[in-house]
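Enquirer: The letter at position 360 of the sequence shown is residue 384 when you use our numbering, and the numbering goes up by one with no holes.
For every residue, glycine included, the Cβ atom is placed at its ideal position computed from N, Cα and C.
Right, I'll just put the structure down here and ask away after.
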Amino acid sequence: MVDLKAQYDRIRDEVEAALARVLESAAFIGGQDCARFEEEFAAWCGVKAACGVANGTDALTLSLRAHGIGPGDEVVTVANTFIATGEAIVLNGARPVFVDVDPVTFTMDPERVEAAITPRTKLIVPVHLYGHPADMKPILEIAARHGVPVLEDAAQAHGAEVDGRRVGALGHAATFSFYPGKNLGAYGDAGMVVSNDAEFVARVRQLANHGAGRNKYDNVVIGTNSRLDSLQAAVLRVKLRHLDEWNRERRERAEAYGAALAGLPGVVLPRERRGARSAWHLYTIRVPDREALQARLRSRGIAAAIHYPRPIHLQPALSTAGGRVGDLPVSEQLCREVIALPLYPELPLEAVHRIAATVREFVCAATTS
Ligand SMILES: Cc1ncc(COP(=O)(O)O)c(C=O)c1O
């Protein structure tokens with residue numbers, strides 16, 4: 025699905041120099057690279073403050089804590105996402121309230137949000153899935169009407185935009201994952217919380233560092249150890265300089281898929297909502313018999329992945345939230361039909377055409393038989 029070695033080959037010299045700098049400085053935790061990366065990533069997103077953490081799951085969990093979410097509270101989110109979005113809510117003792125998604129962009133359906141809000145709702149967490157931004161304008165309007173903040177789960181969408189503004193700068197705060205396969209990926213786990221609310225980011229920083237106050241051994245609240253380490257920050261600083269170019273290359277490949285797969289009966293291709301720009305983290309198509317398509321692609325040496333086979337309201341781990349089959353028809357249908365084709369900046373355009381031809385051949389054979 026991705027070739028991280030091909031990416032490393034493009035930036036090897038820069039990465040090795042950056043790593044050597046950290047090794048020479050021996051500042052492995054909280055060094056200059058962490059502070060610089062936070063500043064650079066915040067500026068890139070267009071926000072005032074950022075706090076690096078150990079991974080995207082902690083970014084979510086600590087952001088919920090910093091929002092004061094706890095037992096008795098409800099958090100409105102989607103089920104068509106990675107488990108971490110729901111985990112962060114349950115880990116804080118709150119209840120996830122799942123709403124269905126839009127069938128075209130696979131993101132939170134704003135029309136479902138209002139009805140899900142109760143006096144216990146403390147936060148709304150839309151997910152910018154597969155790189156496509158959620159429909160933030162109406163979501164933010166509803167949230168403002170009810171006085172509820174919005175936290176963007178931007179783990180999959182570094183650089184996605186709504187009306188020319190990058191995700192991360194749209195809600196009250198946002199969380200990112202730098203898992204290696206993400207658009208901006210570390211060489212291990214890493215994550216980030218960003219916001220224009222510097223006090224909120226300071227609370228996240230305190231929670232991520234054992235609840236320490238001004239002094240290291242002045243522990244004010246129970247926190248945890250969830251720091252971004254300097255080696256990952258150094259790698260991420262190098263990669264951030266290339267991210268715009270890589271996102272352009274992703275778009276070029278997504279457009280090539282779009283052109284090559286257009287008009288196939290029964291196949292739904294991803295489309296951008298008006299005013300939205302996807303970061304094209306994944307290229308997901310909807311096909312009725314995706315397992316057979318996946319097997320056909322595999323027989324030709326092509327990896328295709330299924331994200332996600334089960335919406336998280338039906339995951340046993342989240343059964344306490346009371347989700348039942350049929351609650352979220354669109355999310356459930358998408359989880360039966362979506363399949364992601366390989367997409368990464370270094371993927372040769374010739375490979376895109378070969379993969380698309382295999383899909384076309386499969387679909388045409390299936391419709392004529
Ligand atoms: C939507 C979403 N949220 C949160 C996460 C969690 O990020 P991490 O794997 O860095 O903990 C992921 C990771 O894939 C994700 O896709």
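Which one of Glu315, Leu306 and Thr248 has the shortest CA to CA distance from Phe386?
Expert: Nearest of Glu315, Leu306 and Thr248 to Phe386, Cα basis: Glu315.
Enquirer: Applying the 10 Å Cβ sphere with the 16-neighbour rule, what's the burial state of Val349?
Expert: Result: exposed.
Enquirer: Buried or exposed for Gly209, going by 16 or more other Cβ atoms inside 10 Å?
Expert: Answer is buried; the Cβ neighbour count reaches 16.
Enquirer: To which residues of the same chain is Val123 closer than 7 Å at the C-beta, ignoring the five residues directly before and after it?
Expert: Taken in chain order, the residues that qualify are Val100, Val102, Met132, Asp133, Arg136, Val137 and Ala140.
Enquirer: Inspect the CB distances between the segment 273 to 286 and the segment 243 to 250 and report whether three or more fall short of 8 Å.
Expert: No, they do not touch.
Enquirer: Near Ala329, which residues of its chain fall below 6 Å by C-beta distance, leaving aside the five closest residues on each side in sequence?
Expert: Met25 and Ala364, listed in sequence order.
Enquirer: Relative to the alpha-carbon of Phe130, which residue among Ala389, Pro372 and Glu361 has its alpha-carbon at the smallest distance?
Expert: The residue with the shortest Cα to Cα distance from Phe130 is Glu361.
Enquirer: Return the CA-CA distance between Asp177 and Pro150, expressed in angstroms with no decimal places.
Expert: Going by the C-alpha atoms only, they are around 6 Å apart.
Enquirer: Hey, quick one: how far does the alpha helix (DSSP H) through Gly282 stretch, first residue to last?
Expert: From DSSP, the alpha helix (DSSP H) with Gly282 extends over Leu267 to Leu285.
Enquirer: Out of Ile53, Ala300, Leu164 and Trp270, which has the shortest C-alpha to C-alpha gap to Arg190?
Expert: Of the candidates Ile53, Ala300, Leu164 and Trp270, the one whose C-alpha sits nearest the C-alpha of Arg190 is Ala300.
Enquirer: Kindly confirm or deny that the segment 250 to 268 and the segment 62 to 70 touch, where touching means at least three C-beta pairs closer than 8 Å.
Expert: Counting Cβ pairs under 8 Å, three or more are found: they touch.
Enquirer: Just mark Ile166 as buried or exposed, buried being the case when its beta carbon has 16 or more other beta carbons within 10 Å.
Expert: Label assigned to Ile166: buried.
Enquirer: Please name the residue or residues paired with Cys388 in a DSSP beta bridge.
Expert: Answer is none; Cys388 lacks a bridge partner.
Enquirer: Would you identify the three-state DSSP class for Tyr32, choosing helix, strand or coil?
Expert: Helix at Tyr32.
Enquirer: Gly215: beta carbon under 8 Å from a heavy atom of ligand 1?
Expert: Flag set: Cβ of Gly215 near ligand 1.
Enquirer: Just grab the DSSP bridge partners of Val292 for me.
Expert: Answer is Arg310, bridged to Val292.
Enquirer: I'd like to confirm something about Arg250: is its beta-carbon nearer than 8 Å to some heavy atom of ligand 1, or not?
Expert: In the sequence under discussion, the amino acid at residue 250 is Ser, which differs from the Arg named in the question. False, no ligand heavy atom lies under 8 Å from that Cβ.
Enquirer: Give the straight-line distance between the Cα atoms of Arg320 and Ala390, rounded to the nearest whole angstrom.
Expert: Each residue's Cα considered, the two are about 12 Å apart.
Enquirer: Which term fits Ser343, buried or exposed, when burial requires 16 or more other beta carbons within 10 angstroms of its beta carbon?
Expert: By the 10 Å Cβ count, Ser343 comes out exposed.
Enquirer: Please report how far the alpha carbon of Gly347 lies from the alpha carbon of Gly94, in whole angstroms.
Expert: So the two alpha carbons sit approximately 20 Å from each other.
Enquirer: Which residue from Asp253, Ser219 and Val218 puts its Cα closest to that of Tyr211?
Expert: Looking at the Cα atoms, Asp253 is the closest of the given residues.
Enquirer: Across the segment 80 to 87 and the segment 42 to 62, are there enough close Cβ pairs to call them in contact, namely three or more that are closer than 8 Å?
Expert: Verdict: no, contact absent.
Enquirer: Under 8 Å, with one C-beta from each stretch per pair, do the segment 366 to 385 and the segment 270 to 278 reach the 3-pair mark?
Expert: Taking 8 Å as the limit for Cβ pairs, the verdict is that the segment 270 to 278 does touch the segment 366 to 385.
Enquirer: Taking only three categories from DSSP, how would you classify Ile113?
Expert: Helix, per DSSP.
Enquirer: Fully enclosed by the segment 140 to 228, which beta strand (DSSP E) runs are 3 residues long or longer?
Expert: With a minimum length of 3 residues, the continuous beta strand (DSSP E) runs that stay inside the segment 140 to 228 are 145 to 149, 175 to 177, 197 to 201 and 215 to 219.
Enquirer: Based on the DSSP secondary-structure assignment, which residues constitute the bridge partners of Glu98?
Expert: Answer is Arg119 and Thr145, bridged to Glu98.
Enquirer: Using a threshold of 9 Å, state whether the C-beta atoms of Val77 and Arg251 are closer than that.
Expert: The answer is yes: Cβ separation under 9 Å.
Enquirer: Distance, Cα to Cα, His331 vs Arg322?
Expert: About 16 Å.
Enquirer: Is the separation between the beta-carbon of Val354 and that of Val125 shorter than 9 Å?
Expert: It is a contact, given that the beta carbons lie within the stated cut-off.
Enquirer: For Tyr32 and Gly215, what's the separation of their Cα atoms in angstroms?
Expert: Cα to Cα, Tyr32 sits roughly 20 Å from Gly215.
Enquirer: Considering only C-alpha positions, which residue in the set Asn233, Arg334 and Ala278 is nearest to Ala380?
Expert: When only C-alpha atoms are compared, the closest one is Ala278.
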